[in-house]
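Chains as they are written, first to last, in the working numbering: chain A, 5 to 188; chain B, 266 to 433.
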C-alpha cells in the first residue's frame with residue numbers, strides 16, 4: 005500500500021473529525037487528497053504531532069481525533085506513547101504511516117527498517133488496542149473498528165514510498181484559525 | 266504570607282487566570298505545586314515523559330479551547346526549545362511556562378543551568394518574569410497569562426525557592 009491510498013481510506017470514513025498530520029509527506033499527501041476545515045498540517049516541529057493530537061483529544065473528548073504520524077517523527081517522541089497510555093483517551097486514533105525512512109530528507113532508512121516494531125513499542129507502553137497492517141483491506145478493517153470502538157487506538161500502516169506530491173502552500177495562521185473554529 | 270503557602274497561592278492564581286489544562290514534569294522544588302494541580306478537579310493535568318511533549322500537548326489543547334500551562338524545571342525548558350520554536354512560536358500558541366529556576370542565586374549544583382536560562386529565553390524572544398516575592402505571585406501569574414493570550418505566544422514565569430517554600 006502507498007500512503008495516499010491509505011489516507012484515502014481514512015478520509016472516506018470521516019465526517020468532520022479533526023485530522024492532525026505529521027510534517028512533511030503526510031501533510032503533503034493529506035492536503036493533496038482533500039483539504040478540509042478539520043485538517044491541521046504541522047510544519048517544522050518534528051515529533052510533535054503525537055503530542056499535539058493527544059492535546060486535541062483531551063480537550064475535545066466528544067469526538068474522534070485522528071493523528072497521522074510518521075515513523076521518523078514517532079521515533080523522536082516515543083515517550084508520547086507512554087503519555088497516551090497513561091491518559092487512555094478513548095477518542096484518539098493514532099495512525100503511523102511507516103515508510104521505514106526519513107522521507108523528506110532523502111529517504112535515509114529509519115530504525116523501523118532494521119527491526120524496531122512500533123506496534124510492539126505501543127503495546128509495551130500500555131496501549132492495548134494496537135493493529136499493524138500492510139494491506140489496504142487490513143487498514144480498512146482496523147480503521148472501521150477504531151472509528152466504532154473506544155481506544156486509544158494505535159495503527160501502524162506499512163507503506164511503500166513511490167511518488168511524491170509537492171509541498172502545498174498553506175498559510176499556517178489561516179490553517180490554525182480555521183482548525184480552531186471547526187470546534188465551535 | 267508564609268513561603269510554604271506559595272504553591273497554594275500559585276495554583277489559585279493560575280485558576281484565576283483561567284488556566285484549566287496543565288502538563289508537568291516533576292522537580293523536587295515543584296513537588297507540592299504539582300501535587301496540588303493533580304488533585305484539583307477543575308484542572309486537567311497530564312504528566313509527561315519529557316518536557317517537549319508538553320509543548321505539543323498545550324498546543325493541541327489550545328486548539329480544543331483550553332487555556333494551558335506547563336510546569337517544569339529549567340533543564341526541561343532547555344529540552345523543549347525546538348517544540349517551543351517550531352510549534353508554539355511558529356503557530357502563535359499562547360501558553361504559560363512555569364519554570365523552576367534551578368541555579369538561581371543561593372542555589373547549589375546547577376549554576377551552569379542557571380546561567381543559561383535567561384539568555385536562552387531572551388534568545389527565543391520569550392518574555393519572562395522572575396518571581397521572588399510572595400506578594401507578587403498573583404499579579405505576575407495573572408499578568409503573564411493575559412500577556413500570553415494577548416500576544417498569542419508562550420510567556421514564562423521563573424519560580425524561585427522563595428515562592429515555592431523550599432528555601433533552606
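Every residue gets a Cβ at the ideal spot worked out from N, C-alpha and C, and that includes glycine.
Beyond the five residues adjoining it in sequence on each side, residue 160 (chain A) comes within less than 6 Å, by CB distance, of 100, 102, 122, 123, 136 in the same chain, given in chain order. A residue is called buried when at least 16 other Cβ atoms come within 10 angstroms of its Cβ; residue 369 (chain B) meets this threshold and is buried.
Proximity of chain B to residue 62 (chain A) at the Cβ level (cut-off 9 Å) is accounted for by 286, 309, 311, 322, 325, 326, 329, 331, in chain order. Its chain contains 324 as the residues whose beta carbon lies nearer than 7 Å to that of residue 356 (chain B), once the 5 sequence neighbours on both sides are disregarded; these appear in chain order. Looking at the DSSP output, residue 419 (chain B) sits in a beta bridge with B:360. Annotation: residue 431 (chain B) to residue 272 (chain B) spans about 10 Å, alpha carbon to alpha carbon. When C-beta distances to chain B are compared with 7 Å, the residues of the segment 70 to 101 of chain A below that value are 81, 83, 84, 86, 87, 90, 91, in chain order. At least one CB atom of chain B sits nearer than 9 Å to the CB of residue 47 (chain A).
Taking 9 Å as the CB threshold, residue 53 (chain A) lines the interface with chain B.
When rounded, the separation of the alpha-carbon atoms in residue 280 (chain B) and residue 422 (chain B) is 15 Å.
Residue 277 (chain B) is outside the set of residues whose beta carbon lies under 9 Å from a beta carbon in chain A.
Burial state of residue 93 (chain A) is buried, judged by a 10 Å Cβ sphere holding 16 or more other Cβ atoms. Under the 9 Å criterion on CB atoms, residue 318 (chain B) is classed as interfacial with respect to chain A. Around the C-beta of residue 112 (chain A), fewer than 16 other C-beta atoms lie within 10 Å, and the residue is accordingly described as exposed.
Exclusion of the five residues before and after residue 31 (chain A) leaves 25, 45, 46 as the residues of its chain whose Cβ lies within less than 7 Å of its Cβ.
Contact annotation: the segment 294 to 311 of chain B touches the segment 329 to 347 of chain B, with at least three C-beta pairs closer than 8 Å. Among the CB atoms of chain B, one or more fall inside 9 Å of the CB of residue 176 (chain A). Non-local beta-carbon contacts of residue 340 (chain B) in its own chain, meaning distances under 6 Å to residues more than five positions away in sequence, involve 378 in chain order. Uninterrupted alpha helix (DSSP H) stretches at least 4 residues long and entirely within the segment 267 to 304 of chain B occur at 271 to 281, 296 to 303, given in chain order.
Runs of the beta strand (DSSP E) lying entirely within the segment 359 to 396 of chain B, each at least 3 residues long, are 360 to 365, 393 to 396 in chain order.
By the CB criterion at 9 Å, residue 88 (chain A) and residue 54 (chain A) fall inside the cutoff.
At a cut-off of 9 Å, the C-beta of residue 131 (chain A) has no neighbouring C-beta in chain B.
Bounds of the alpha helix (DSSP H) holding residue 36 (chain A) are 29 to 37. Contact annotation, residue 96 (chain A) with residue 156 (chain A): C-beta distance approximately 4 Å; criterion of less than 8 Å satisfied. If you draw a 10 Å sphere on the C-beta of residue 293 (chain B), you find fewer than 16 other C-beta atoms in it, and that means exposed. In chain order, 46, 48, 49, 52, 56 make up the part of chain A whose C-beta sits under 8 Å from the C-beta of residue 352 (chain B). Taking 7 Å as the Cβ-Cβ cut-off, the segment 159 to 188 of chain A approaches chain B at 176, 177, 180, 183, 184, 187, given in chain order. By DSSP's assignment, residue 149 (chain A) forms no beta bridge with any residue. As DSSP reads the structure, residue 309 (chain B) sits in a beta bridge with B:286. At least 9 Å separates the CB of residue 110 (chain A) from every CB of chain B. Annotation for residue 106 (chain A): 76, 112, 114 place their beta carbon closer than 7 Å to its own, counting only its chain and skipping 5 residues before and after.
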